[in-house]
Structure formats: C-alpha cells, structure tokens
Amino acid sequence: MSAHHAFVNGRRADLDWIRVIAFGLLILFHTALVYAPYDWHIQSEHRFGWMPEALLLTGPWRLTLLFLVSGAALRFMTARRTPRQVAKARFERLGPPLLMGVVLLVSLQSWIEALDNGWWNQGYLPWLAKEFGPGLFNGVPVNHLWFVFYIGAYSLVAVLLMRREGLIPWMEEKLASLIGGWRVLVIPAAYLVLIRITLFPVFGITNGLFWDPYNHLLSLGAFLFGFLLARRESVWADLERYRWVSLGAAVVLLPLMMLQWSHPGGGAFLGVPKHFVQGLDQWAVITAILGFGSRHLRKADGPLLRYLTDAVFPCYLAHQTILVVAVWLIRPAELSALPEALILIAVTFGGSFLVYEIVRRIPAMRPWWGLKPVARDPRPYDRRRVLLKLGVAAPLLTLVTFVAAVAAYPGFDHATQYLSELGGATARLPEIFNIGVFFAGVMAGLTGLGFALALTALARAWITAALTAGAFILAGVGLAGSTFYPWPDERHMIISLALGIQIAPLLLLWGLRERRDLPRLKIFLAVVFVAMAILTLFTKHLVMPGTVNDANVGWWERAYAVVLIGWAGVAALILERRLRHEANASLTRA
C-alpha cells in the first residue's frame, strides 16, 4: 500500500487494529488496578503484591502508543481539509462526549468513590448538586477522560502547526531524516530515557492538563511523532525491517524491568537505571508493535475491524464507569479473587458493547458518544420507529435496573418483599432502582407516542391511538413520579397509574382490527390481556383468597411486572419491523 493510497482512504487497517487492541488492554489494565496495592477509585477486598510487576506488561507503553496512533489518525483526517475544518471536526467529535462524560459518567464514579471512602453519605442527586455547584470552585474530576482532554489539546497544537504554510512538510522531512534507518530505534528511545530520568522524578504524571510537564513531553511527543510520520513510507519500512530486533530487545528488557521494580535495590542511584530500562522497554515494545502491524495487518480490513473501530470510543467512554459500578455491586458477594475478576472483565466488556449497541441506534445520542451522525435518506416512519425502539429498550433497562438493585441489596427476599423496597429506605443504594425506574418511565411515555403514531400510520385509528398514548403517558408519569417519593412514602403510590397500561393491549387490538397481516401480534396481545386479567384477580384476592399471601406475594408481583412491562417491548419490536417493511415498500414503489 502506497503512502498516497493510505492518505486518500483516510485510514490504515494496521493502525486501526493497534488502536482497538490497545483500548482492549486498557480495560484489562483498569481491572487489574482493582487488585493492585495502589489507591485507585474503588478496589476489591483482594490485593496482590505482585500486581505492580504484572502491570508493567502494558503500563509503560500502552498510552504512549495510543497517543502516537491518534496523531497518525489525525494526519490522515487532515486530507483536503483546512485548519479551521480540522478544528471544527475535532470539536464536534470530542466536545459532546467530554461534556456528557464529565457530567454523567465521571460523576457517578466519583460519587461511588466518595461513598466507598466515607466522604459522602447521601444520594447521587445531592452529589451532582454539590459537584456542579460549590464543588466547581475545587475543580471537577475527569478520571479516565483526561486522555480525551489531552487528545483535544494536542489536536489544537497540530492545527496551529497546519496554519503555518510549509511548516509541517519541513518538520516531517527533518524528523524522517533524523531517525532514518537504525536510528528509528535509538533516537526516540534516547529521548524517552532522557525525559524519564530528568523530569519524571520531579513532576511525575498528574493527568492535569495545565501542569503535567513530563507527561506532555512524553504524550505530545508521541502524538506529533505519529502526526508527522504517518505518511512517510521510509519510516514504516525501517520499522518493519527492525521489528525482530525490537521484539528481542523488549523480551530481554521486560524481566529486567520487573526485577528492578520488585527488588528493594531497584531504586538505587536515584532510580536512573530503572528509568533507563523503562524508557528502552517503552520504545522497544512500541516499535515492535508498529513494525509487525505494518508488516502483517495493513490489508487486514473487514467488517469486524470496521465494527470495532466504530465501537472503541463509546466503549472507552463507558468502560470505567461500568467497572466502578460493577466492583461496588459485586464486592459484597465476597467472591474469591478469580471468579470476581472474571465477572468484572465480562461485565465491563459486555456492558461497554451494550452501551455502544444502544447509542449507535439512536441518532440523537450518537454525537454524545463520539459517533458520527448517520447520513441517510429520509425514510417514511423514521421517527415512529425510533420511538418504538425505545419501547424495546425500556423493558431491558428495567431488567438491568432490577438485577443491579438486587445485587446492591444483600438479603433481599424475593418471596416476601415488594419491588419498590429496592428503592426504599432499607436499600443500601436506592438510587440504582429509582434512577433506572425514572428513565424507564420517561421511555414508557415516549413508547406510547410511538404506538400511537404506528396506529395512525398502519390503521388510521386516530381515537384509539390517542387513548393508547394516554395510557402509556399516565404509566410513565406513575413510574417516574414514584421515584421522587421512595417507599414507604404514601405518595409513592402514584405508581398505580402504571396499571392503566393493562388496557393498552385491548386498545392496540381494536386499532389494528382491520389489519390482516399481523395475526401473531393480535394473538399475543389477546394472551397478554388475559394473563394480566388473571394475575389481577389473584393478586387482588378476587378469586381463591389466600393463594397470594405474605409468604409468596413477591413472586406474584414479579410475574405481574414481567407481563405488565415485557409485553410492550415485544409489541413495539413487531410494530417497528412492520413499519420498516412498509417504509421499504413505499420507497420501492416510488
């Protein structure tokens, strides 16, 4: 692949693979910090003294490599764009995720951390008021989003360089000449060793944008290295030529570096030998990865890579919040270390991809998660289908909320306790249940609008559509409103408005009565209505009094909730598919 070809396409498969894998390793690295003898945000009861040495497997080079790859990606993005256009594109891509991440994702992490350390004993909403009220004077934590701040700042540096005509080609030529041949292994390594020995002992790494001298010389240096040399095929040829030398050096340096960290005398001579070895290892691993990647992955493109490349930024935004919440919920179970770690890894990866799968399907949410807007031709029923997709997601959100709230309520008795108690005074973290139910209520109201619009599109049933929307909106008000008055507050019973959704299956049946192409949906709606009617008769003691009693009322309530909430998701899915079919047929006819 020529430099011109890579530049025009605006991407390189090998760099995309490196970026994806490096971010995957970052999730494993953060999971390892849960068990390290360091002061991380929240940690397991299990700690391992050997973890600092294990973290050296990726710690010295992973972020530096990511900055380098990010610089190269920006260079490809600048093709046929002015500095102003590049700055605008960077702001649109990074600005909304930073705002959303700080307000929602990081604030949840910091709240849990404050609870865990005993700094705070109130709920999440009061914590938000503190953080973004008086707490603003002390700054707002950004946690893992510091990387995004730095990428934004470094992109601005690159834009400023672009404004000086001819400067970037001159810098590119000088740098490529300086590190040509075997010097690509030596000169950058010497730079990393020099700043490590002279600056790191004094300044360390603060991850604070306005005072982080060592980190800026390290990370901005890597970013500009990638930005300036991304299109220099001679440099990539040298990296490929010396890839085995780099790998051999990395294999030798890693155990030596681990020994220096673990041995009491590793910090002798002001730590110079240790910093020397770490700087060499850092560059040896990076050049080995770049060399082997360029050699073997340049043409390794395909649907999987494109999917992962699109997913990596949303997964990065979500992963640490998911991990912190998972540790907080799982730790009380007192599992042994291995099963606990495997669960944390699975939940963090799975939860991150679940977030991506949800947000990529909702156009309004895509920019807030760093995803490009989807350019598509207007299609009939698009807005209706989005609302129905919310109807599919609402029961899933409710299920996740229930599982998380139960995990945070040790000793919760499914047989005797009501669901509302998960958000009541006896729950350890009632916010989990109340926040989840609040959003489920909002989504229920919007789902009602989706059902109403679907009825008007498919059957022109205007009155039935209005009644269906009203039933769902009342249910949404009941669900959302009840979270402001947690159990056992009498006002919590506003949740009874949600029971009006029982009539919605009949309304849908009536509205779709003329449609002959939805027989299975009609049968499903009829069965759901009968099931809810039977459950109502039993739970209200109208038949067989005593069948439902204090010893089993919880299970009856669970069954009722599954039918009451779950049916709407199934009906929304079927109607969304029908609208999609109608839309495609309409476009075909046109």
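Heads up: the sequence shown begins at 23 in my numbering, then just goes up one per residue. Backbone N, C-alpha and C fix where the C-beta goes; we use that ideal spot for every residue, glycine too. The model shown is predicted, which means the values in this text are computed figures rather than measured ones.
- In its chain, beyond the 5 residues on either side, Ser442, Ser504, Tyr507, Pro508 have a beta carbon closer than 7 Å to the beta carbon of histidine 514.
- Taking 7 Å as the cut-off, the beta carbon of leucine 48 is found no closer than this to the beta carbon of valine 91.
- In the structure shown, isoleucine 64 adopts coil according to DSSP, grouped into three states.
- It is roughly 7 Å from the alpha-carbon of glycine 470 to the alpha-carbon of glycine 492.
- Below 8 Å, enough C-beta pairs join the region 295-305 and the region 204-216 to call them touching: three or more.
- In this structure, threonine 86 and serine 241 form a Cβ contact; the two beta carbons are roughly 7 Å apart against a cut-off of 8 Å.
- As the crow flies, the alpha-carbon of phenylalanine 560 is around 50 Å from that of aspartate 332.
- The Cβ-Cβ distance between leucine 496 and glycine 522 falls below 7 Å.
- Proximity of the region 369-385 to the region 344-356 meets the contact definition, three or more beta-carbon pairs being nearer than 8 Å.
- Restricted to the region 106-189, the alpha helix (DSSP H) segments that are unbroken, complete and at least 4 residues in length are 129-139, 146-153, 168-184, listed in chain order.
- For the pair isoleucine 454 and glycine 445, the Cα-to-Cα distance works out to about 7 Å.
- Between phenylalanine 249 and glycine 93, the beta carbon gap of about 4 Å places them in contact (Cβ cut-off 8 Å).
- Around the CB of tryptophan 204, fewer than 16 other CB atoms lie within 10 Å, so the residue is classed as exposed.
- Counting along the chain, the unbroken alpha helix (DSSP H) around leucine 90 starts and ends at 84-99.
- Leaving aside the five residues that flank tryptophan 39 on each side, the residues in its chain whose CB is nearer than 6 Å to its CB run, in chain order, Leu319.
- Apart from sequence neighbours up to five positions away, the residues of its chain that approach arginine 112 with a beta-carbon distance below 7 Å are Gly174, Ser177, ordered along the chain.
- Assignment of methionine 566 by DSSP, reduced to helix, strand and coil, places it in the coil class.
- Tyrosine 440 sits exposed, since fewer than 16 C-beta atoms from the chains shown fall within 10 Å of its C-beta.
- Secondary structure remark: continuous beta strand (DSSP E) runs of at least 3 residues inside the region 347-383: none found.
- Burial check for tyrosine 60: the Cβ neighbour count within 10 Å stays below 16, so the residue is exposed.
- Glutamate 135 places its beta carbon less than 7 Å from that of isoleucine 64.
- By the beta-carbon neighbour count (other beta carbons within 10 angstroms, threshold 16), proline 210 is buried.
- Around the beta carbon of glutamine 144, fewer than 16 other beta carbons sit within 10 angstroms, so the residue counts as exposed.
- Out of Leu167, Ser284, Val464, the CA that lies nearest to the CA of tryptophan 391 is found in Leu167.
- Under the Cβ criterion (8 Å, minimum of three pairs), the region 278-298 does not count as touching the region 125-133.
- In the structure shown, glutamate 536 falls within a coil segment according to DSSP collapsed to helix, strand and coil.
- Relative to the Cα of alanine 355, the nearest Cα in the group Ala426, Gly576, Leu326 belongs to Ala426.
- Here alanine 573 is exposed. Its C-beta has fewer than 16 other C-beta atoms within 10 Å.
- When C-alpha distances from aspartate 234 are compared across Arg97, Leu120, Leu530, Tyr172, the shortest belongs to Tyr172.
- The closest CA to that of tyrosine 378, considering only Ala252, Ala605, Phe335, Ser358, is found on Phe335.
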